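Undergrad:
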Amino acid sequence: MGRFLSWLGSILVTLLGLMMLTFFIGRMLPIDPVAAIIGDQADQATYLMVKHQLGLDRSVPVQFLFYLRDMLHGDLGEALFTGHRVADDLAHVFPATVELASLAIVIGAGIGVPLGVVAAVWKGSWIDQLARVVGLLGFSSPAFWLGLLGLMLFYATLGWVGGPGRLDISFMDEVEPVTGLMLVDSALQGEWEVFDNAWRHIILPASILGFAAMAYISRMTRSFMLDQLSQEYIVAARAKGLSQGRVVMRHAFGNILVQLVTVIALAYAFLLEGAVLTETVFAWPGFGHYLTAGLLAGDMNAVLSCVLIVGIIFIALNQLADFLYRRLDPRTR
Amino acid sequence: MTLREYLTAEETQSATQARWQALYAGWRRLRGNRLAMIGAVLVTSLILLAVFAPEIAPYGPDEESLADRLLPPSTAHLFGTDDLGRDIFSRVVLGSRITLMTACLVAAIAAPLGLLIGTVAGYFGGFVDVALMRVNDIFLSFPSLILALGFVAGLGPGIRNAVIAIALTAWPPIARLARAETLTIRRADYISAVRIQGGSSFRIITRHIVPMCLPSVIVRVTLNMAGIVLTAAGLGFLGLGAQPPAPEWGAMLSIGRSHLSGAWWLSTAPGVAILFTSLGFNLLGDGLRDALDPRS
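Sequences listed follow chains R and G, in order. So for the first sequence, the numbering used here puts the first residue at 2; every next one is plus one. So for the second sequence, the numbering used here puts the first residue at 12; every next one is plus one.
#1: Just by C-beta distance, which residues in the segment 157 to 184 of chain G are closer than 9 angstroms to chain R?
#2: Which class does T217 (chain G) belong to by DSSP, given the choice of helix, strand or coil?
#3: Can you give me the start and stop residues for the alpha helix (DSSP H) that W200 (chain R) sits inside?
#4: Kindly provide the ranges of any alpha helix (DSSP H) runs that are 4 or more residues long and lie completely inside the segment 123 to 170 of chain R, ordered along the chain.
#5: Shorter than 7 angstroms from the beta carbon of F153 (chain G) to some beta carbon of chain R?
#6: Quick one: what's E233 (chain R) bridged to in DSSP?
#7: If we define contact as Cβ-Cβ less than 7 angstroms, is A105 (chain R) a contact residue for chain G?
#8: How big is the Cα-Cα spacing for L227 (chain R) and A121 (chain R)?
#9: Keeping to the same chain, check which residues put their C-beta closer than 6 angstroms to that of R201 (chain R); ignore five residues upstream and five downstream.
#10: Would V308 (chain G) and I239 (chain G) be called neighbours here (beta carbons separated by less than 7 angstroms)?
#11: Given A157 (chain R), which residues of its chain have a CB within under 6 angstroms of its CB, disregarding the five upstream and five downstream residues?
#12: Hey, could you find the ends of the alpha helix (DSSP H) K52 (chain R) is sitting in?
#13: Is L73 (chain R) buried or exposed, if buried means 16 or more other CB atoms sit within 10 Å of its CB?
#14: Please name the residues in the segment 247 to 281 of chain G whose beta-carbon is closer than 7 angstroms to at least one beta-carbon of chain R, in chain order.
#15: For L297 (chain R), go through chain G and note every residue whose CB falls closer than 7 angstroms to its CB, in chain order.
#16: Helix, strand or coil: how does DSSP classify R145 (chain G) here?
#17: On a CA-only basis, which of R:A207, R:M183 and R:I209 is nearest D197 (chain R)? Give me that one, please.
#18: What are the residues of the segment 127 to 155 of chain G that lie near chain R, defined by any Cβ-Cβ distance shorter than 8 angstroms?
#19: For I177 (chain G), which residues of its own chain have a beta-carbon under 7 angstroms away from its beta-carbon, when the five flanking residues on both sides are left out?
#20: Extract the residue ranges of the alpha helix (DSSP H) inside the segment 150 to 190 of chain G, only unbroken runs of 4 or more that lie entirely within it.
#21: Using a C-beta cutoff of 7 angstroms, does I99 (chain G) count as contacting chain R?
#22: Identify the contact partners of G245 (chain G) in chain R, using a Cβ-Cβ distance below 7 angstroms as the criterion.
#23: Tell me, please, whether the segment 139 to 158 of chain R touches the segment 288 to 296 of chain R by the rule of three or more beta-carbon pairs shorter than 8 angstroms.
#24: Quick one: grab the DSSP three-state call for D89 (chain R).
#25: What did DSSP end up calling A92 (chain G) once you bin it into helix, strand or coil?
#26: Between F248 (chain G) and the rest of its own chain, which residues show a CB-CB distance below 8 angstroms, the 5 nearest in sequence each way excluded?
#27: Note down, in chain order, each residue of its chain lying with its Cβ closer than 8 angstroms to the Cβ of Q254 (chain G), except the 5 sequence neighbours on either side.
#28: Which of the three DSSP states is assigned to D98 (chain G) in this structure?
#29: Going by DSSP in three states, E22 (chain G) sits in which element: helix, strand or coil?
#30: Starting from T288 (chain G) and walking both ways along the alpha helix (DSSP H), at which residues does that stretch end?
#31: Cβ of I218 (chain R) less than 7 angstroms from any chain G Cβ?
#32: Under 7 angstroms Cβ-Cβ, which residues of chain G neighbour G312 (chain R)?
#33: With 8 angstroms as the C-beta to C-beta threshold (strictly closer), list the residues of the segment 226 to 245 of chain G near chain R in chain order.
#34: Using only alpha-carbon positions, find the residue among R:G27, R:A270 and R:L321 that is nearest to A105 (chain R).
#35: Is there a Cβ of chain R sitting closer than 7 angstroms to that of I285 (chain G), yes or no?
#36: Does any CB atom of chain G fall closer than 7 angstroms to the CB of E79 (chain R)?
Right under this line is the structure:
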């Protein structure tokens, strides 16, 4: 219980810190937020009134308390560049990002884990070298550049995949949004043509986003596996006459599963970051696209709300990874 | 005594010689690592390219020629020309200066800041440590590009603000590393000896703790350079970093977005330049880590 309270306390302090940070970034803005709303033609009385409405005539600590109060009510304020409430906008754009990131993590883990295992078992072989090169490229290449090249090659030249956006224009609004995940919604409603079109649009951005995750996951899998394979129980299992496949899969791989779960959870969190640039290249109407649109429109409130939300999701995923680790691995109890 | 004898003698005559010997041993380990040498070559090429950029580039970065718009690569224009008829090769070459300068400035701000915060937290411990590390955790709980975007939103776009924004997101891992190193040595006898002699905390931290943290911080910073280059290019691509007409690689790529079919050369050369730069720092950083820390 005491442990739980101190954990809760540290989470709350971190959250408070997050909000302080976004609050103060908002205050260092060189532009006058009042003038941004009413323009420079308004008279002094209007100016003071709007300033009062925004709470900007109070002292900074009081302003922060107001900010905290709004945040706790889930009120992120209004996005000037869309005219909607930020919370509504985010609820609208988030499913697109979740869909993209989820497919990306499936691709990243689906290729990264086997690649890492094979690279560890045949350490130093050509496949290990290949995994290393692929990993280095994944760490070093700018995702937005890969996106551009991918669009140029697979869309503009070969025509294998759909272009920017989630769907072709002719398929827009054909599917009733239920979950907001285009692939799920179209499948549920039996709209297979829409499903096919959505698939052709998502596969390229998801692969590119998944590439960076794959680099990270395969590198970590390899090092976890090498760690296990050098343990004495592996020697014992081999001495017992177990087949190579059984030693590797049942014994070594079985023991790294817990660590892998946490790595994949962290990789998922980092996909949010990759999504900002990938979504911009692919005009993917998700959270990253919203964030950059807000930035270019100079809409501080929308931008900082996005930053804050990502911070909260990041902490949540970190805690989840931590929790899974402690739950699944009996040694940490 | 030849240089080789000086560097490999069994018994050292002075502290200076011992230091040079340690450096030499590290260099030899680095030499044996093929990938690290490739990284060193890439980074050195980047530096040379940046230094001699005006001599190498055949055209000026802003030399527009509307008659030569969107020309494919040829002998006159090695990487082709862009939508304003500017020579892409010259712009990529001159862009190396922006990239290198950004990375170096960020490192020059973030490394001392992280080093200072980490060593102070580790040395004093207690409340100072808790407070500083809490701030550190808050910064670490944002993905760095997202936090950089937040800072740029507050400061406004531009290369100078991009440098500040990236530096503000780059110090926490360095601080955490410096703190961990400090914790392992702060109870060491030689630190107590300095304190008994009357050395101030300031003197102990700057003269006796910081030098011990430097090797691992240098490795960390080299590895971070790759990420810094990618983040800076990403900001440029979004139109929030270096502003046009500066020949920044990320900003150059954003021109390629409106010419997807056809002018492929617009999106090729600047991207390859970013890739090689980031790859170079990654390889060199990996190699340095292996050379300086044989344990891992």
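Idealized CB from N, CA, C, for every residue including glycine. Remember, it's a predicted structure, so these values are computed and weren't measured experimentally.
TA: In terms of the structure at hand:
#1: Residues passing the 9 angstroms Cβ filter: I157, L158, L160, G161, F162, V163, A164, G165, L166, G167 and P168.
#2: It is helical.
#3: Start and end: W193 to L230.
#4: Within the segment 123 to 170 of chain R, the alpha helix (DSSP H) runs of at least 4 residues that lie entirely inside it are, in chain order, 127 to 141 and 144 to 151.
#5: By this cut-off, F153 (chain G) is an interface position.
#6: E233 (chain R) has no beta-bridge partner at all, per DSSP.
#7: A105 (chain R) does not count as touching chain G.
#8: Cα to Cα, the separation comes out at about 6 angstroms.
#9: Cβ within range, chain order: V162 and G163.
#10: Chain G is shown from 12 up to 307; residue 308 (chain G) falls before or after that span and cannot be answered.
#11: Excluding residues within five positions, none has a Cβ falling inside 6 angstroms.
#12: First-last of the alpha helix (DSSP H) with K52 (chain R): Q45 to Q54.
#13: Taking all protein chains shown into account, L73 (chain R) has fewer than 16 neighbouring C-beta atoms within 10 Å of its C-beta and is therefore exposed.
#14: Contact annotation: in the segment 247 to 281 of chain G, residues whose CB is within less than 7 angstroms of a CB in chain R are F248, L249, G250, L251, L264, G267, R268, L271, S272, W275 and S278.
#15: What L297 (chain R) touches in chain G: G250.
#16: The DSSP-derived three-state label of R145 (chain G) is helix.
#17: Checked all of R:A207, R:M183 and R:I209; the closest Cα to D197 (chain R) is R:M183.
#18: Answer in chain order: R145, V146, D148, I149, F150, S152, F153, P154 and S155.
#19: Cβ within range, chain order: V117, A159, I239, T242 and A243.
#20: Runs of the alpha helix (DSSP H) inside the segment 150 to 190 of chain G: 155 to 166.
#21: Closer than 7 angstroms: no.
#22: Under the 7 angstroms cutoff, chain R gives P143, F145 and L278.
#23: Contact between the segment 139 to 158 of chain R and the segment 288 to 296 of chain R is absent, because fewer than three Cβ pairs lie under 8 angstroms.
#24: Correct three-state label for D89 (chain R): helix.
#25: Here residue 92 (chain G) is Thr; the residue named in the question, Ala, does not match the sequence. Of the three classes helix, strand and coil, the one that applies to T92 (chain G) here is strand, per DSSP.
#26: Correct list, in chain order: G261, A262, L264 and S265.
#27: So the qualifying residues of the chain are P168, G169, I170 and A262.
#28: In the structure shown, D98 (chain G) sits in a strand (DSSP, three-state: E or B).
#29: Correct three-state label for E22 (chain G): coil.
#30: Membership of T288 (chain G) in the alpha helix (DSSP H) is indicated by the continuous run A280 to L303.
#31: Judged by the 7 angstroms Cβ criterion, I218 (chain R) is not in contact with chain G.
#32: The answer, in chain order, is S152 and F153.
#33: The segment 226 to 245 of chain G vs chain R, Cβ under 8 angstroms: A237, L241, A244 and G245.
#34: Restricting attention to R:G27, R:A270 and R:L321, the CA atom closest to the CA of A105 (chain R) is found in R:A270.
#35: Yes, I285 (chain G) counts as interfacial toward chain R.
#36: It does not; no Cβ of chain G falls within 7 angstroms.
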